[in-house]
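**Q** Here it is, the structure in full.
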Amino acid sequence: MKKIVSTNTGVFVRGSFNNWSLDNEMSRCEDGSYVAKNIMFKEGVNELKIANNDWNGLNYGYDGQKPGMFCFNYPMTENSNNNLRITVAKDTLVDVYFYKSVDSVFVRLKVSAKR
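Structure, rendered in structure tokens:
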């Protein structure tokens, strides 16, 4: 388990499941990755982005994909707003992991269902 070193990061998982709010702030881990735990994705299509509070500076959606970006357990597709779209068969509690290298060349996103 990754050790969390900061909970006040200004990095959020924003999407249709939380009305694009700032309710799901990510915590920073000691390895530089970010995690937001226990997010409820609703049955059907859930759209999301990793972004800061005002959408400037950090705004990763489908248009922000770089080589190496991936999503475990669920296929990612895009819509007209460059949001990531993840479809779940039933209401599903998930953890979202995000890593961005300092030069932004390497980005990874993982959405994992809780067991």
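Heads up: take any position in the sequence shown, counting from 1, add 248, and you land on our numbering.
Note that CB positions come from ideal geometry on N, CA and C, so glycine has one too.
So for Phe-289, helix, strand or coil by DSSP?
**A** For the purposes of this step, residue 289 is taken as the residue at position 41 of the sequence shown. Judged by DSSP in its simplified three-state form, Phe-289 adopts strand.
**Q** Might you give, ordered along the chain, the residues of its own chain that have their beta carbon closer than 7 Å to the beta carbon of Asn-272, omitting 5 neighbours on each side?
**A** For the purposes of this step, residue 272 is identified with residue 24 of the sequence shown, where counting begins at 1. Annotation for Asn-272: Phe-260, Val-261, Asn-266, Ala-284 and Ile-287 place their beta carbon closer than 7 Å to its own, counting only its chain and skipping 5 residues before and after.
**Q** Suppose you measure from the CA of Ile-252 to the CA of Phe-346; what does that come to, to the nearest Å?
**A** As a position in the sequence shown, residue 252 is number 4, starting the count at 1. As a position in the sequence shown, residue 346 is number 98, starting the count at 1. Approximately 13 Å, taken between the alpha carbons.
**Q** So the beta strand (DSSP E) Asp-339 belongs to, where does it begin and stop?
**A** Working through the sequence shown from its first residue, we reach residue 339 at position 91. Per DSSP, Asp-339 belongs to no beta strand (DSSP E) and is neither H nor E.
**Q** Give a single yes or no on whether Ile-287 has its beta carbon closer than 7 Å to a heavy atom of the ligand GTP.
**A** Among the ligands in the structure shown, none appear at all, so the ligand GTP cannot be discussed.
**Q** Restricting to Cα atoms, I'd like to know which of Leu-341, Val-344, Asn-307 and Lys-348 is closest to Asn-331.
**A** Looking up residue 331 in the sequence shown gives position 83. Cα-wise, what sits closest to Asn-331 is Asn-307.
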